[in-house]
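Accompanying notes for the structure given below.
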Amino acid sequence: MKTLLSLGLLIVSFFGQAQTIALQSFATGFSEPLEIAHAGDSRLFVVQKGGLIRIVNANGSVNTTPFLNISSLVSTVSERGLLGLAFHPNYATNGYFFINYSNTSGDTVIARYSVNSGNPGVANTTGTILMTITQPYSNHNGGSIKFGPDGYLYIGMGDGGSGGDPGNRAQNINENLGKMLRIDVNSTIAPYYTNPATNPYVGVAGNDEIWAIGLRNPWKFSFNRLNGDLWIADVGQGSVEEIDKVVNPLTAGLNFGWRCYEGNSTYNSTGCAPASTMTFPFTQYARSGGACSVTGGYFYTGSMYPNFQNKYFFTDYCDDKIRMVNSAGVITTSTSFSNNNFATFGEDINGELYVAGISSGTIYKVIDSSLSSSDFENNGFTIFPNPAKEMFTIKSSTANLATKAAIFDITGKLLFTKELSNNSEHTIETTSLAKGIYLVSVETSNGTNYSTKLIVE
Numbered sequence: 000m001k002t003l004l005s006l007g008l009l010i011v012s013f014f015g016q017a018q019t020i021a022l023q024s025f026a027t028g029f030s031e032p033l034e035i036a037h038a039g040d041s042r043l044f045v046v047q048k049g050g051l052i053r054i055v056n057a058n059g060s061v062n063t064t065p066f067l068n069i070s071s072l073v074s075t076v077s078e079r080g081l082l083g084l085a086f087h088p089n090y091a092t093n094g095y096f097f098i099n100y101s102n103t104s105g106d107t108v109i110a111r112y113s114v115n116s117g118n119p120g121v122a123n124t125t126g127t128i129l130m131t132i133t134q135p136y137s138n139h140n141g142g143s144i145k146f147g148p149d150g151y152l153y154i155g156m157g158d159g160g161s162g163g164d165p166g167n168r169a170q171n172i173n174e175n176l177g178k179m180l181r182i183d184v185n186s187t188i189a190p191y192y193t194n195p196a197t198n199p200y201v202g203v204a205g206n207d208e209i210w211a212i213g214l215r216n217p218w219k220f221s222f223n224r225l226n227g228d229l230w231i232a233d234v235g236q237g238s239v240e241e242i243d244k245v246v247n248p249l250t251a252g253l254n255f256g257w258r259c260y261e262g263n264s265t266y267n268s269t270g271c272a273p274a275s276t277m278t279f280p281f282t283q284y285a286r287s288g289g290a291c292s293v294t295g296g297y298f299y300t301g302s303m304y305p306n307f308q309n310k311y312f313f314t315d316y317c318d319d320k321i322r323m324v325n326s327a328g329v330i331t332t333s334t335s336f337s338n339n340n341f342a343t344f345g346e347d348i349n350g351e352l353y354v355a356g357i358s359s360g361t362i363y364k365v366i367d368s369s370l371s372s373s374d375f376e377n378n379g380f381t382i383f384p385n386p387a388k389e390m391f392t393i394k395s396s397t398a399n400l401a402t403k404a405a406i407f408d409i410t411g412k413l414l415f416t417k418e419l420s421n422n423s424e425h426t427i428e429t430t431s432l433a434k435g436i437y438l439v440s441v442e443t444s445n446g447t448n449y450s451t452k453l454i455v456e
C-alpha cells in the first residue's frame, strides 16, 4: 500500500506541474516555410515561400521529391509567395487541394490542384484558377486559407498593404481586401466556385465573396477542429497585436474594426460606424520587448499534453516567444526560441501542434517539457510503441530489471498493476484502456520507481 500511495502521489506531481512550453526538432532543411497542413493522414505538408510544397512523414523524414512545385508562377518579393494550403474535406475521394499564392504580377491567386491518382506523394502539375485579386502593394497580402466547419473555404485577405490602410479598403464592402472571404468550391462550372447565400452581401450592395470586414492582415487563422470556433490573428499597425475569436455557429457580417480601431484603441475614426457595431479582440498584446507581428496558431485539441488543453497557441515573428491564452484571455508567454522568426503553426491529424521557423528552416513539435521522460530513459527503461494501440512493451536494461508495473490515469487513479518476471522485456495489453494519456510506472528490485508518459490511441 505504501508503494502504491507513493506512485499515486508521483502521478499527481507528474501531471500537476506548471506547463513548460518547449520545442522539439521534428524536421529540418526547409527554405522559408510558411504553412503546415495535413491531408487527413499522418503526413504533414510544408509550404515554402518560393513555391514548393514538401511532405514530412510521421517519423520526421522529408520526401526528396516535392509534392508540388509552382516556383515559376510565384513572386516572392516582400510578403509575397506561396502562402496558403488547404485540403478539400473530401480529399480522400476527390484529391482536390487549394493554394493561395502571389503571381508574377504580385496579385493574389486562389487555385485548385489535384493529387496524382497513381502516386499520393506528388500532385498534378497544372491547376485551375478560381480567383485573382489585385494587390496594390507587396505587403499585407494575406496567407492562410482554411475549410470551415460549414464546408466552405475561408480566405484571409490583408488590407492591400502600405501602412494605415491608405485606401480604407478594410471598411469598403466593395473591396475584397481587408476581409475574410468565404466561398463554396464545389462548383463544376467556371469560375468553379459560388458564394454561399448566407454571405452578408449576397443580393445586396457589396461583394458577394465577403464574409467579414475590418481586418488589417489576418496572416494566420484556424478553426478549432472539435467545435468549429474560428481564431484569427490579425497583425497590428504599431501598438498592439490582436487575437479575434468567433464562436461556432459562425456569424456572418462581422466588422473587426480596422482601420477605425487597432485592437481596442481608436486608430482612424473618419467615417466609421459606431463602436457598438464592431467585434473587438478576444485578447491583445503590446508591441514591446521585441514583439512586432503576431503569428496565429491553433486551439490545442491533442491528448499528449493535458496542461495545454483549453488554450489557444500563437507566437510573434520578431520575438520568437510561444504564447498560449486561456478562456479568460490570460496570456502565458514562453522564453524566446531565438533565430527562428516563426511564420506559421501546424496541426497534425491528432491535434498536436508544430511551429516553423522561416529563418531556421526547421519544423518543431510544441511540447510540454514538464512531462519529460528523461529520468525513465536514463535509468535504462523504454516503452514501445508509444503511442500504443493494442499493447506496449516495457524494456529494461539487464542491470536494472523492473519487478512491477503500474498504470495510472491523469487524475492519479490506479488502473492496473502487474508483477513482472525476471526478464528484460514485458508486454502489456491496452485494449481495456480508453484513448488518452496515462502514466506508466515501473518498480525495481530495490524499490525505486521510474515513470513515463504513455499515449493510447
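Residue numbers (numbering that gives the first Met the number 0): 0 to 456.
Backbone N, C-alpha and C fix where the C-beta goes; we use that ideal spot for every residue, glycine too.
Asked: CA nearest to the CA of Gly350, picked from Tyr304, Glu376, Thr361; Found: Tyr304
Asked: Inter-stretch contact at 8 Å, needing at least 3 Cβ pairs: the segment 313-323 / the segment 339-348; Found: yes
Asked: Alpha carbon of Leu225 to alpha carbon of Asn247, nearest angstrom; Found: 11 Å
Asked: Rounded separation between Ser5 and Asn448 - CA only; Found: With a pLDDT of only 45 at Ser5, under the threshold of 50, the placement of this residue in the model should not be trusted; the figure read from the coordinates follows. Rounded to the nearest angstrom, the two C-alpha atoms are 9 Å apart.
Asked: Beta-bridge pairing of Asn99 - partner residues as DSSP gives them; Found: Gly83, Ile109
Asked: N- and C-terminal bounds of the beta strand (DSSP E) containing Ala91; Found: Per DSSP, Ala91 belongs to no beta strand (DSSP E); it is in the alpha helix (DSSP H), 90-93.
Asked: For Thr332, the residue or residues it bridges with in DSSP; Found: Arg322
Asked: For Gln308 and Ser450, the rounded distance between their alpha carbons; Found: 22 Å
Asked: Inter-stretch contact (C-beta, 8 Å, three-pair minimum) for the segment 252-262 and the segment 185-193; Found: no
Asked: Inter-stretch contact at 8 Å, needing at least 3 Cβ pairs: the segment 181-190 / the segment 158-171; Found: no
Asked: Own chain residues within Cβ distance below 8 Å of Thr265, not counting five before or after; Found: Cys259
Asked: Environment of Leu84 [buried if 16+ CB atoms lie within 10 Å]; Found: buried
Asked: Three-pair Cβ contact test at 8 Å for the segment 172-181 versus the segment 206-214; Found: yes
Asked: Leu352 - DSSP class collapsed to helix/strand/coil; Found: strand
Asked: 6 Å CB neighbourhood of Ala36 in its chain, flanking five on each side removed; Found: Phe44, Leu84
Asked: Delimiting residues of the beta strand (DSSP E) encompassing Trp461; Found: There is no way to answer for residue 461, as the model of the chain reaches only from 0 to 456.
Asked: Short Cβ contact (9 Å threshold) for Arg79 with Asn167; Found: no
Asked: Asn68 - partner residues in DSSP beta bridges; Found: Leu51
Asked: Limits of the beta strand (DSSP E) - the one that Val293 falls within; Found: 293-298
Asked: Where Thr107 falls, given that 16 or more other Cβ within 10 Å makes a residue buried; Found: buried
Asked: Helix, strand or coil at Ser137 according to DSSP, with G and I counted as helix; Found: coil
Asked: Three-way DSSP call (helix, strand, coil) for Asn377 in this model; Found: helix
Asked: Thr354 vs Leu82 beta-carbon contact at 9 Å; Found: It is worth fixing the name first, because residue 354 is Val in this sequence and not Thr. Contact: no.
Asked: Supposed close pair Phe222, Gly295 - CB separation, criterion 8 Å; Found: Not quite, the Cβ-Cβ distance comes to about 11 Å (not below 8 Å), so this is no contact.
Asked: Assigned exposure category for Ala398 - 16 Cβ within 10 Å defines buried; Found: exposed
Asked: Cβ pair Gly147, Arg181 closer than 9 Å; Found: yes
Asked: Where the beta strand (DSSP E) through Asp233 begins and ends; Found: 229-233
Asked: Residue(s) in a DSSP beta bridge with Lys364; Found: Gln23, Tyr353
Asked: First and last residue of the uninterrupted beta strand (DSSP E) at Leu438; Found: 435-443
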